[in-house]
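Keeping their order, the protein sequence lines are chains Z, Y, A and R. Just so we're aligned, residue 17 is where the first sequence starts under the numbering used here, counting upward by one. Just so we're aligned, residue 927 is where the second sequence starts under the numbering used here, counting upward by one. Just so we're aligned, residue 927 is where the third sequence starts under the numbering used here, counting upward by one. Just so we're aligned, residue 2 is where the fourth sequence starts under the numbering used here, counting upward by one. We put the CB at the ideal spot given by N, CA and C, even for glycine.
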Amino acid sequence: SSGGAGGAGDGSYTIGVANFTLSGPYFNGMDRAIKARAEKKDVEIVSTDAGGDAAKLASNVEDLLSKNVDAVIVSGGPLESAPAVLNSLKAAGKPAVLVDRKFQTGTYSSWIGPDNEAIGKQNGEFLAQRLPNGGKVALVKGGPADNSIGRARTDGVKAALENAPGIELVEAPDFGNWSSDGGLNVMESLLASHADIDAVFCENDAMCLGAQRAIKDAGRDDKIVLAGVDGQAEALKAILDGTNYLVTGLNDADVIGSLGLDRAVDILDGKKTEKDTVVPSPRVTKENARKYYDPKGNF
Amino acid sequence: MTDQLTTSAQPAEPADSDGSAPPGRRPSRRPGPPRLVVAGRDLTLEAGFAVLLVAFVAIAGSTTDAFLTEGNLTNLLKQMVTTGLLAFGMLTVILTGGIDLSVGSVVAFSGIVAAGLSAGLPVPLAMLVGLAAGTGFGLVNGVLVARFQLAPFVVTLAALTTIRGLAFVYSETPVAPEKEGFFELGSAVLGPLPVSTLIMLAVFLVGGIFLSRTPAGRSLVAIGGSAETVRLAGIGVRRHVVLAYTISGACAGLAGVILASRVGIAQPSVGTAFELDAIAACVIGGASLAGGKGSVRATFAGVLVLALINNLLNLYDVQSFWQQVLKGLIIVAVILVQRTGRFRTAGAPNPADPGKARLS
Amino acid sequence: MTDQLTTSAQPAEPADSDGSAPPGRRPSRRPGPPRLVVAGRDLTLEAGFAVLLVAFVAIAGSTTDAFLTEGNLTNLLKQMVTTGLLAFGMLTVILTGGIDLSVGSVVAFSGIVAAGLSAGLPVPLAMLVGLAAGTGFGLVNGVLVARFQLAPFVVTLAALTTIRGLAFVYSETPVAPEKEGFFELGSAVLGPLPVSTLIMLAVFLVGGIFLSRTPAGRSLVAIGGSAETVRLAGIGVRRHVVLAYTISGACAGLAGVILASRVGIAQPSVGTAFELDAIAACVIGGASLAGGKGSVRATFAGVLVLALINNLLNLYDVQSFWQQVLKGLIIVAVILVQRTGRFRTAGAPNPADPGKARLS
Amino acid sequence: MSSTARTALEIRGVRKAYGSTEVLHGVDLTGRAGDVLAVVGANGAGKSTLIKILAGAERMSAGELRLDGERVELRSPHDAHAHGIRTVHQELTLVPQLSVTENLLMGHFPRRFGGLIDWRAAHARARELLESIGYGAIDPRTRAGRLTVARQQMVEIAKALVSEGGRAGPRVLVLDEPSAVLAGGDLESLFTLIRRLQRRGVLIVYVSHRLAEVTELATTIVVIKDGRIVAETAPERTDENELIRLMAGRGPGRLYPARRPDAGEPLLTVSGLHRPGEFRDISFTLRAGEITGLFGLVGSGRSELARCVFGAEPAHAGSVTASAVGTAPGSTSEAAGASGGHRLFRSPREAIAAGLALVTEDRKRTGLVLGLSTAENIGLTTLRTTTRGPLLDTGRRRREVTAMVERLDIRPAHCAGLPVRTLSGGNQQKAVLAKWLLTGPRVLLLDEPTRGVDMATRAEIYRMLDELARAGMAVLLISSDLTEVLGATDRVLVMREGRLTAELPSDRTTEDTVLAHAIGHTA
Ligand SMILES: Nc1ncnc2c1ncn2[C@@H]1O[C@H](COP(=O)(O)OP(=O)(O)OP(=O)(O)O)[C@@H](O)[C@H]1O
Ligand SMILES: Nc1ncnc2c1ncn2[C@@H]1O[C@H](COP(=O)(O)OP(=O)(O)OP(=O)(O)O)[C@@H](O)[C@H]1O
Ligand SMILES: [Mg+2]
Ligand SMILES: [Mg+2]
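Below is the structure:
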């Protein structure tokens, strides 16, 4: 593409996507969901990746503005806030649609994302039911400590389990870095220091998949159950197969991504839209997993 | 392009050509490749980079409209600031034969401290504290390396980890300063130029003079060539090594403060892998990790090359993962072209010293 | 502890003492600090590490019940595998005076390719392809460094970026192999020992023999000391440098395949900053980034030290960012103790060669 | 000099130990202003150690040092400088990346504008300094690493004369083998300089293995043996033979073995070898049983020529042919040809395979791997061949190395496991020689092989070369030492500015004649 303007005139838009990072499957899936949706709607997409660098995200957005895109979808991932990004979009008068991550500060046009605390709560309630006589629940966090998405999820779980009878919570001291190998390592350490874990909650499915492997290697897959978040295809499959991976909270990158694209187009078309949209995160268990399992999905 | 670079990439004495190339008289006394000498300074290496950059710009300008817009050029200038500041500090350390891996963590720490303190202190003071924190970390690194004779790689790797941890200890969550004044440093412009870019340019200018024209600067370079020689010349080696790490820490502190101001929020997790870009800029600019060899101007060119690569890949709409693939390949291509030019001019790949050559 | 280490950390030439100390005869012919010589091998450095590790274990075992459980020890053994494999490959490269920053990306690429191909190919074959891919990347790195005389740091930094990109190009999403056979390598045990750990030990054993007892291994070490001397002795320098990077690539490929098998799912994003741990292990083990100096056994001890630090910090339930702070401080403490021991035995901090000392 | 001159330097009971090895066992020395105090001794006797202590580079374990009667402590080189002691160390210490000016004026730069270095003035001062001591040919703006070893040595000497403000010279000038790489006019310049400083009342401490030089220059000669002073004498009261006996503890014997020219068939033929900027149209033949000397002034291109013959550097034109005779069982291949009429060794490996060996002039950089043990260094050339299966044959290696250590009398006798770095200079040189002898060469090229080697060892090396030649080897001895180049060889090739200018029979040629050909003043 020659980087030309889409412009509302001929009805075709060019929309920029500013990804904070693409190196997690979730964010990557989001990016591809946006692209897939754009293809259907005949919108041109320019996607950028800041590789986890907040300043680069800001300059990527500036690069996008240099290319005269009509709107920018910001997938901020673990980024708490990005005033520079929102300011430059505001200054250029281009709509800013946030997907997944809602920034704490700054003005944006619209946000579409999950309620992370609710997902956590929902998982916690599931585990409380599962462990009526109490038990030890381990929490595997993604980190780093400034990641409020993860914190919200863990807080949700804690809120649901704190008052449940006989439940003891164990927080892994180290972070799993949102990846399967990280989840594996953290779980191995937990298993070594706690012989009596009954359930594990991980802040995302990738870590849970690693944790599940550690539990299996330790030969304790008949005693420990797992709960994750996201609805990553491999996790859905594990749930569907009837393993000890029992539940996840769907945080569907496909849905959020395509809604985000739709929202951007709606705004450009001048339609009146909601400002903040919480995408529901249904609880996925063996019963309903088939409905959500799509091995060829974007995530 | 290759042809023009032939005159450029002579290994030369980058650090040397700054200082010791004689003013005036007999511009090309040694038989050898043609060299560009202006006002007594040997600018062959720099001229080569200039040619490379002009080529870059010409190609970019003629193939994508977005490149030569004011917005994009300003953007480019801003994007260079962090890497530029870090690269200058890194260069002083590399010249002594060391390395500083901790700069990314220092960026995070200084930024978050400055942002955090700005709530209670006047903004300039809070920023100064951020800068001072970076300087202090650099000092500690320097003392561990010089006084206790520890390997710079391990010392600064440990510092990378520790300082990152401290940034989180200071604040687990991102800090968003309230005062508008905090954002000025990062967003102010002077005419067409961002103030942050001007600060970086000033660091390169003053730093260049420091390294090429002051006894302390020359001692740093000499230490990288042979610390023992410098010691035998009655010059305090440790003191200068400490100085180099302190400069690097100060540059990282400054970069951290500017970055927080520019992004508008300070995160304890910012700055991961920043050290790699900074080192890459130095090495693309011909610096040798063995020490004693490196040029301020060529390092600046290295920073520019890296920023251009990123900018162009974005403008050409290259997909993220292919960007990574291409970025690596382009870097190799750039140093290969540089090296090839060197081969040609030198007649042969200096077989007398392949060990050094490999390291450089 | 310090006292015991006094006998340990004599600078010596660790790699050297492998090959050239004649077995048998005159166990302690050199007057000097007490040295531990067993069966003609000078094990002073290793003994020092052993003391350090025993101290570690004793303290850990007596303060936390969880440490000396079978489960935890098995964990420890498993968690060493990746760093161990990467560290051995890194050591061969460091011995030549180079560095390989690309190992983390190679881990990701090999793992994801092996996992991806395992759908269509027999598992061992798919894994072999993963290993071969790593070897191939190492070969390319080696050729760029040795044949084109490019700086190892930039070449492998570019490779880091490019190979990471290629991993994503191969598959943007994690790949979960279907076949049970894929997980065997990572989870199988032989008696109390994980097979993956045994593989790593075998690499260290065979690799140690390679470096200390074969012409090619000795050439690698000598090249790091003085490439020109080696070239004039009629030994092909380039070939050996290529070999070193190829070994590093192969080790990273192997580590990637084992990791994917162990985790059960291969992610293109795995392995970020793995190179830092690998380099740290080598340097904690006394290797010099200037080349020519490094010990296989001490590198192994370095791997163990790093794994123990991580393990203990977890067992003591230290919060993540304090873990980071402490990890850095402990690393500095370890090399400081090592260095202090060295000072004592050598009588003085060898002022004759501060440059080298700083680099080492 | 007059015996009434004040005592400038007094050393009492100096001891030095590395670890638990004591190298100096209580050395006493006295030097008066204007003296040339020559310190002689065998390799490893402790001369350089003593000098490092004087330079503040090493600290003594016990003892005291007085300057002009006043006790001083030298904690660092800086202290030594502050007391007016300047040193030229045995090993070159220039920073190769920096210009000559920077190396010379390091720590003493002229400045302006509140601290900035005035480079113009610095270069001018460096040039002035070099010219004032007769080394004006060196361009102060050249990178030090580009200079030949000899020129670097000259810069080292000049450097020792720089002090604060570049004016007042040193009180004590310590020279550790300054002449080892100098010849002809350059050596004369050094002597002139020493005499001039002497007249100014500077105490010169002079270490050298060239006894002729020592007896010519010294006012007092001190013999050091195994870390002790064993004799103190004046040049007029002693002779070279006595000195050698004092140093070595045994009679000197003949320095040069009697040679009877007995050239066999040609083993190495060099013809029309050409490398632009370094040497032109070089042709010569080395024959079995013959020792050929190659003399020339510094920078005449001898080292480059040797490296080129050995395949370490490419040539522009010409050929090198090694033809072997059937006596040696070893490899007897011819040089591999690149194209017709232009046959050269493309790598040292090919040259070695054809029976060549090259002892380079810079042992620290190109002769040894300093971090490795002596045994490993000696075994380097035979690394690929001393194997059993895929592994090194450590037993055979050890036997070979031990035999070489004994044959060349490398000290200390247990050096095999020691880092070669800790050997004294002369013993390092022997280790390099040992490395090459292990390959069983047919043609031995030696570039300044006796640099820094004591008299007794030199005699051994000459005897060894004689032996090797008698056994059918062709030897090329590159040297800047006129006496040596005539004494130890059968014929001498002379090189000037990259060309061969003469071939002279050693036994019928005078030093003056050789020098005349080297300088270009032939009748
Ligand atoms: N750093 C060191 N560690 C251990 N031993 C050393 C060290 N430096 C020198 N030695 C030993 O001290 C002794 C004296 O060495 P020194 O260099 O003073 O001899 P030298 O008289 O200068 O010999 P040469 O004529 O060969 O230069 C030698 O046996 C040498 O091996
Ligand atoms: N005035 C000079 N300045 C710098 N380099 C010089 C000068 N004269 C000659 N050279 C260089 O010296 C080299 C030839 O020196 P080479 O070492 O081969 O001579 P040599 O006769 O062996 O001298 P030496 O006695 O120093 O070993 C050439 O590469 C040449 O470029
Ligand atoms: Mg000496
Ligand atoms: Mg020479």
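Does residue i come within less than 8 Å of chain Z when only Cβ atoms are used?
i	result
Y:E1098	yes
Y:Q1005	yes
Y:G1179	no
Which partner residues does residue i have in the DSSP bridge list?
i	result
A:L1092	Its beta-bridge partners do not exist; DSSP assigns none.
A:V1132	Paired residues: none, contrary to the question.
Z:G244	Z:T264
R:R13	R:E65
R:V476	R:I292, R:L445
R:M465	The partner list for R:M465 (beta bridge, DSSP) is empty, contrary to what the question assumes.
Z:E187	Z:L155
R:T234	R:I222
Z:N35	Z:D65, Z:S91
R:A318	R:H275
If you measure from the beta carbon of residue i to each beta carbon in chain A, is any gap under 8 Å?
i	result
Z:F191	yes
Z:A234	yes
Y:V1209	yes
R:V156	no
R:A329	Residue placement at R:A329 is flagged as unreliable, the pLDDT there being 40, under the threshold of 50; the coordinate-derived value follows with that caveat. False, the Cβ-Cβ gap to chain A never drops below 8 Å.
So that I know if they touch, is there some Cβ in chain Y lying closer than 8 Å to that of residue i?
i	result
Z:N201	no
A:I1257	yes
R:F280	no
Z:G68	yes
A:I1205	yes
Quick one: which chain A residues come within Cβ less than 9 Å of residue i?
i	result
Y:R1090	F1247, Q1250, V1251, G1254
Give me the chain Y residues within the contact set of residue i, using Cβ-Cβ distance strictly less than 7 Å, ordered along the chain.
i	result
Z:N76	N1240
R:P97	G1151
A:T1087	Q1250, K1253, G1254
Strictly below 7 Å CB to CB, what residues from chain Z border residue i?
i	result
A:D1026	Within chain Z, no residue comes near A:D1026; the closest Cβ sits about 20 Å away, beyond 7 Å.
A:G997	L207, A208, A234
Consider the Cβ of residue i: report whether some Cβ of chain R lies at a distance smaller than 8 Å.
i	result
Y:F1140	A quick correction: the sequence has Thr, not Phe, at residue 1140 of chain Y. Yes, its Cβ sits closer than 8 Å to a Cβ of chain R.
In chain A, which residues lie less than 8 Å from residue i when you measure between Cβ atoms?
i	result
Z:E250	P1100, A1102, I1191
Residues of chain Y with CB under 9 Å from residue i, in chain order?
i	result
A:L1262	L1070, F1074, L1076
Whose Cβ in chain A lies nearer than 7 Å to the Cβ of residue i?
i	result
R:L384	P1141, R1144, S1145, I1161
Starting from residue i, find everything on chain R with Cβ-Cβ shorter than 7 Å and list it in chain order.
i	result
A:L1232	Those do not exist, as A:L1232 stays about 25 Å from chain R at its closest Cβ, beyond 7 Å.
Under 5 Å, CB to nearest heavy atom of ligand 1: contacting residues: R:Y19, R:V24, R:N44, R:G45, R:A46, R:G47, R:K48, R:S49, R:T50, R:T423, R:S425, R:G426, R:G427
field: Those runs of the beta strand (DSSP E) which lie wholly inside the segment 67 to 144 of chain Z and span at least 3 residues
entry: 87 to 91, 112 to 115, 126 to 129
In chain order, each alpha helix (DSSP H) run of at least 4 residues that lies wholly inside the segment 204 to 252 of chain Z: 221 to 233
- request: Jot down the residue ranges of each uninterrupted alpha helix (DSSP H) in the segment 363 to 393 of chain R, minimum 4 residues, whole runs only, in chain order.
  value: 375 to 379
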